[in-house]
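**Student:** Before I ask anything, here is the structure I am working with.
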Amino acid sequence: MSTTPADQKPWPTELRLRKDRRALEVTFESGERFVLPAEILRVRSPSAEVQGHSPAERKLVAGKRAVEILEIQPTGNYAVRLVFDDMHDSGIFSWDYLLDCGRNLAAWEADYAAEIAAAGLSRDPPARRG
Numbered sequence: 032m033s034t035t036p037a038d039q040k041p042w043p044t045e046l047r048l049r050k051d052r053r054a055l056e057v058t059f060e061s062g063e064r065f066v067l068p069a070e071i072l073r074v075r076s077p078s079a080e081v082q083g084h085s086p087a088e089r090k091l092v093a094g095k096r097a098v099e100i101l102e103i104q105p106t107g108n109y110a111v112r113l114v115f116d117d118m119h120d121s122g123i124f125s126w127d128y129l130l131d132c133g134r135n136l137a138a139w140e141a142d143y144a145a146e147i148a149a150a151g152l153s154r155d156p157p158a159r160r161g
């Protein structure tokens, strides 16, 4: 696996939303390619709404297993803003953040599953009442 030198910022060569809108495919000029699930991007959004202003303020977001990405909006030349179908749109996903997510995806998914279980919550959306 090639890595990005410390003095060189990661640069994506391709961002592609999967047809089902449930994953973002990101390829970096280093050759690294990741498929990032919409659920993880949503529940780990870098927004203040999710992350708070300190680790103690971070919110655990449940019920997003079926979340979809509706839109990818460029933000300068360093990031994208993702718009999710639950209307969350305040996260700015930098290239560094997407690279970190890809490289650590298994750990992020395991940590999230453990947090959800410990809180007695579900990754599934609440059932609709008819």
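Residues 32 to 161 (my numbering) make up the sequence shown, in order. By construction, the Cβ of each residue, glycine as well, lies at the ideal position given by its N, Cα and C atoms. A quick note: this is a predicted structure, and the numbers were derived from the prediction, not measured.
#1: Does Arg73 come out as helix, strand or coil in the three-state DSSP assignment?
#2: Three or more beta-carbon pairs under 8 Å between the segment 137-153 and the segment 109-117, yes or no?
#3: In three-state terms, what does DSSP make of Val92?
#4: Mark Gln39 as exposed unless 16 or more other C-beta atoms lie within 10 angstroms of its C-beta, in which case mark it buried.
#5: Using a Cβ-Cβ cutoff of less than 8 Å, which residues in the same chain neighbour Arg52 once the five nearest sequence positions on both sides are dropped?
#6: In three-state DSSP terms, what is Gln82?
#7: Given this structure, state the Cα-to-Cα distance separating Gly94 from Trp139, to the nearest angstrom.
#8: Less than 8 Å separating the beta-carbons of Leu55 and Leu72?
**Tutor:** Inspection of the coordinates gives the following:
#1: helix
#2: no
#3: coil
#4: exposed
#5: Ala69, Glu99, Ile100, Leu101, Asp116
#6: helix
#7: 16 Å
#8: yes
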